[in-house]
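Only one structure is covered here, and it is reproduced in the block below.
Protein chains in written order, with our numbering: chain F, 1 to 114; chain W, 1 to 242.
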């Protein structure tokens, strides 16, 4: 029989998957970043649906209660996503720095031509 | 490119108290140099004062917002590289760097160095040597640089630096756009086979403004800079054929 955490996880993840797909469809989330979100949601959904798989996960992780294994998977997925976001932000920071520099240089070029 | 042409890059962030006197002193000592002042999103009157200076060889670059000293310095170096400078000097706006010492740095460039650091700690200096805690930090950086490059740099945090032409082009492209880039820059140049030289330099106490490294921030600074230096020492060399 399914536990409450499992039911919440299945419902929550299904909604979340739909939200990801909707965001991609509306162009609010780029495909490149959506892939990891979808992968994490699918893994957690699969583990939530299959009790056997969840128990196997729990056994592999050395966790007695399967529901805690589900939470552990969730935390790991979120950590992975946070890391990816930080990588993306770092790349964007470098690009913003370069754009800032080019703005200053172009401004000066324009002023010197006046 | 004129090999002897000099561009002096001055990053400025909230330096209204001393920017005019620093620039006047610099101009008095280096009448031929092009001075590039990079306003790094100052919130005081720094930009207004810079734009009001009556100096045809002063170029003012205005970053739209505060981006950190690394970005500001690199902007000035990019300008120097794109406008055919043969050599460049990085000079602080707060009046700590004595303009009359610039020829000493340039002399080292003329003698074959690529990158020259004005040091407060090599023999022959008598000027201001920073505060006790900072000196400990500087010693630590000296140890770290020696550990990863085998070279001894006595004053890795000194911002008073000169670049030969090749080093200027390299720095314009690869300058560490980090909050406090000086120690990391030393490793970058050493690992990429540039001839790095220190010359004695008598520095002054800052004449105005506030240091960006204070109290608790200093510990965080040490951690961040050390981490950046170690990571830099593991990166593949950018310059080929060395």
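Ideal Cβ placement from N, Cα and C applies to all residues, glycine included.
Using beta-carbon positions only, say whether residue 53(F) and residue 9(F) come within less than 8 Å of one another.
Your numbering for residue 53(F) matches position 53 in the first chain. Your numbering for residue 9(F) matches position 9 in the first chain. Contact flag unset, no.
Can you find a heavy atom of the ligand MG that lies under 7 Å from the Cβ of residue 120(W)?
Among the ligands in the structure shown, none appear at all, so the ligand MG cannot be discussed.
Mind checking if residue 78(W) is an interface residue toward chain F, Cβ cutoff 8 Å exclusive?
The sequence position of residue 78(W) within the second chain is 78, counting from 1. Output row for residue 78(W): interface = yes.
Would you identify the three-state DSSP class for residue 11(W), choosing helix, strand or coil?
For the purposes of this step, residue 11(W) is taken as the residue at position 11 of the second chain. Residue 11(W) falls in the strand class under three-state DSSP.
On the DSSP letters alone, give me the boundaries of the alpha helix (DSSP H) that residue 239(W) sits inside.
Position 239 of the second chain, counted from the first residue, corresponds to residue 239(W). Boundaries for residue 239(W): no alpha helix (DSSP H) harbours it, and the DSSP string shows neither H nor E there.
Give me the residue from 118(W), 195(W), 237(W) with the minimum Cα distance to residue 182(W).
Translated into positions along the second chain, residue 182(W) becomes position 182. The candidate whose alpha carbon is nearest that of residue 182(W) is 118(W).
Comparing C-alpha positions only, which one of 239(W), 224(W), 201(W) sits nearest to residue 99(W)?
To locate residue 99(W), count along the second chain from 1; it is residue 99. Ranking the options by Cα distance to residue 99(W), first place goes to 201(W).
Could you spell out where the beta strand (DSSP E) holding residue 27(F) opens and where it closes?
Translated into the one-based positions of the first chain, residue 27(F) becomes position 27. Note, residue 27(F): premise wrong, no beta strand (DSSP E); not H, not E.
Closer than 7 Å by C-beta to residue 159(W): which residues in its own chain qualify, once you throw out the five before and the five after it? Chain order, please.
Within the second chain, residue 159(W) is the residue found at index 159, counting from 1. Exclusion of the five residues before and after residue 159(W) leaves 90, 92, 182 as the residues of its chain whose Cβ lies within less than 7 Å of its Cβ.
Taking only three categories from DSSP, how would you classify residue 200(W)?
One-based indexing of the second chain puts residue 200(W) at position 200. Note: residue 200(W) maps to strand in three-state DSSP.
Of all the CB atoms in chain W, is at least one closer than 8 Å to the CB of residue 89(F)?
If you number the first chain from 1, residue 89(F) lands on position 89. No, no contact with chain W.
Compute the beta-carbon to beta-carbon distance between residue 191(W) and residue 142(W), rounded to the nearest angstrom, for a pair I have assumed lies under 8 Å.
Along the second chain, read from residue 1 onward, the residue named residue 191(W) stands at position 191. Along the second chain, read from residue 1 onward, the residue named residue 142(W) stands at position 142. Residue 191(W) to residue 142(W), Cβ: 16 Å. No contact.
Chain F partners of residue 174(W), CB-CB under 8 Å?
Position 174 of the second chain, counted from the start, is the residue given in the question as residue 174(W). Per Cβ cutoff of 8 Å: no residues; residue 174(W) is ~12 Å from chain F at best.
Do the region 79-87 of chain F and the region 51-61 of chain W make contact, defined as three or more Cβ pairs closer than 8 Å?
As far as the Cβ criterion goes, the region 79-87 of chain F does not touch the region 51-61 of chain W, which means the pair count is below three.
Thinking C-beta only, is residue 95(W) closer than 8 Å to residue 204(W)?
Taking the first residue of the second chain as 1, we reach residue 204(W) at position 204. Taking the first residue of the second chain as 1, we reach residue 95(W) at position 95. Going by C-beta atoms, residue 204(W) is nearer than 8 Å to residue 95(W).
Residues of chain W with CB under 9 Å from residue 105(F), in chain order?
Position 105 of the first chain, counting from 1, holds the residue named residue 105(F). Those within 9 Å of residue 105(F) in chain W are 61, 75, 78, 79, 82.
Could you tell me if residue 175(W) is buried or exposed, where buried requires 16 or more neighbouring beta carbons within 10 angstroms of its beta carbon?
What you label residue 175(W) is simply residue 175 of the second chain in a count that begins at 1. Buried, by the Cβ-count rule.
Grouping DSSP H, G and I as helix and E and B as strand, with all else coil, what is residue 112(W)?
Translated into the one-based positions of the second chain, residue 112(W) becomes position 112. Three-state result, residue 112(W): coil.
Establish whether the CB of residue 94(F) and some CB of chain W are separated by less than 8 Å.
Numbered from 1 along the first chain, position 94 holds the residue referred to as residue 94(F). Yes, residue 94(F) lies at the interface with chain W (some Cβ there is under 8 Å from its Cβ).
So, under 8 Å CB-CB, residue 114(W) and residue 166(W) are touching, yes? Tell me the CB distance rounded to an integer number of Å.
Numbered from 1 along the second chain, position 114 holds the residue referred to as residue 114(W). Numbered from 1 along the second chain, position 166 holds the residue referred to as residue 166(W). Confirmed, Cβ separation roughly 6 Å.
Write down every uninterrupted run of the beta strand (DSSP E) in the region 5-84 of chain F whose length is 3 residues or greater and which is fully enclosed by it, in chain order.
Runs of the beta strand (DSSP E) inside the region 5-84 of chain F: none found.
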